[in-house]
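Q:
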Amino acid sequence: MDLLIVHQNFPGQFRHVALAALNRPGITVTAIGRDTAPGISGIKLFRYRPVRKTSSLAHPYLYKYEEAIVDGQQVFRILMKLKQEGYRPDVILAHPGWGETLFAKDVYPDSPLIHFCEYYYHSKKTDMDFDPEFPCATGAASSLRPLNSMHLLNLEQCDVGIAPTHWQRSLFPLSYQSKIHVIHEGIPFQLPDAVQVNSVTLPSGYVISAGQPIVTYVARNLEPYRGFHSFMRSIPYIQAQCPNANIVIVGGDGVSYGRKPVGYESWRSKMMAELDVDLSNIHFTGRLPYETYRAVLQLSVV
């Protein structure tokens, strides 16, 4: 069986299924992703990059939609070339959130297309208004509708959808929920290659060791959407109760969701300006290689 996986940041959420398929006899795995995708050793990854930036003349609500169409066209070109070379996927597994498979059925109409249904936006009682510190503006709520229209288009053309949790599935319109199956992404709780970690040298050169009171916070980017502001405000209480605690904060200073704070380069700089804390035991590591990240978690007490 030929399995084609399409994900902007391949492997993304498909790491476990890609590795399982790769190690199963009779399955060939091919992938498509952006030129920034990390990839997986042993899986052929066809990379693309956006050919142009979003037009400044486009309506702001359509910026992401236009980006999705541009990325979808790039993937379409890769698929056409693969088809001309004789490649025929038996199954296409994709994350449609960036528009990459908008035109997949135009190339392979008979290949079953499975979409990862990660999120359907709502302006109330979800991510837009969960924190009263950051109220949702009416304009921001309205901008979600064009984004959702792309998700509806993806739902319409896929053969089946999968969602990691029942809650995520419940966000999609009721008329489409019967098409979406709940299949968890998986947790690698058995790691045969895991070894006992006694210490880790952080990028600053500081060494944390087993047995120390180590508190960690981990996120792709340090931002309110991921609770970074709440965690930072807990540090004075942690230091009051445990003055010798090493607080290790893993993550980048970019913004994946929401926006940058007004007047500051990053949410880290804003929170550091807000708080009066002992900096000697606070360690910002930035993003870490996976093995180092895992070792930090192994040493973590909380």
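Here the sequence shown is numbered in this note's numbering, starting from 120 and rising by one per residue.
Even for Gly, the Cβ is constructed at its ideal location relative to N, Cα and C.
1) Using DSSP with H/G/I as helix, E/B as strand and the rest coil, what is K389?
2) Just the C-alpha distance for R207 and H135, rounded to the nearest angstrom, thanks.
3) Going by DSSP in three states, D154 sits in which element: helix, strand or coil?
4) Taking contact to mean at least 3 C-beta pairs separated by less than 8 Å, is the segment 389-401 in contact with the segment 340-353?
5) Assuming L293 is part of the beta strand (DSSP E), what are its boundary residues?
6) With distances taken Cα to Cα, identify the nearest neighbour of S297 among A260, L394, A282.
7) Just to confirm, is the Cβ distance from S230 to D250 under 8 Å?
8) Do L232 and A260 have their CB atoms nearer than 8 Å?
9) Roughly how many angstroms separate the alpha carbons of M247 and G145, rounded to a whole number?
10) List in chain order: all unbroken alpha helix (DSSP H) runs of 4+ residues lying wholly within the segment 311-384.
11) For the beta strand (DSSP E) containing H402, list its first residue and its last residue.
12) Along the chain, where does the beta strand (DSSP E) that runs through Y167 open and close?
A: Looking at the atomic coordinates:
1) helix
2) 23 Å
3) coil
4) yes
5) L293 -> not in any beta strand (DSSP E); alpha helix (DSSP H) instead, spanning 293-296.
6) A282
7) no
8) no
9) 44 Å
10) 347-360
11) 401-405
12) 163-167
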